[in-house]
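Chemist: Could you have a look at this structure, given as structure tokens, before my questions?
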Amino acid sequence: MKVQKSREDYLETILILQNRRGYVRSVDIAREMGFSKPSISRAMSLLRRAGNITMEDNG
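Under my numbering, read the sequence shown as residues 75 to 133, first letter to last.
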């Protein structure tokens, strides 16, 4: 399924960035994946609501 593959791509990118830097910012995900910041913001919101990720208050 395309949605599942997209979710996996986001989660894989988040894991790679976390391992590389120790933290993950939306702007870094956008840069790494070549997507716009609004697209990343929407995806992060969906991943958070699905319980796939947690986010700190500071971003």
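Ideal Cβ positions, reconstructed from N, Cα and C, are used throughout, including at glycine.
Can you list, in chain order, the residues of its chain with a C-beta nearer than 7 Å to that of Q92? Leave out the 5 residues immediately preceding and following it.
Modeler: By 1-based counting over the sequence shown, the position of residue 92 is 18. V98, listed in sequence order.
Chemist: Report yes or no: is there a C-beta of chain B within less than 8 Å of the C-beta of M107?
Modeler: Note that chain B does not occur in the displayed structure, where there is just one protein chain.
Chemist: I need the DSSP call for N159, collapsed to helix, strand or coil.
Modeler: Residue 159 is absent from the structure shown; the chain starts at 75 and stops at 133.
Chemist: For S115, which residues in the same chain have their Cβ closer than 8 Å to its Cβ, ignoring the five residues on either side in sequence?
Modeler: Here residue 115 is taken as the residue at index 41 of the sequence shown, counted from 1. Answer for S115: S100, listed in chain order.
Chemist: Just to confirm the assignment, what range does the alpha helix (DSSP H) spanning S100 have?
Modeler: The count along the sequence shown starts at 1 and reaches residue 100 at position 26. S100 to M107 is the extent of the alpha helix (DSSP H) around S100.
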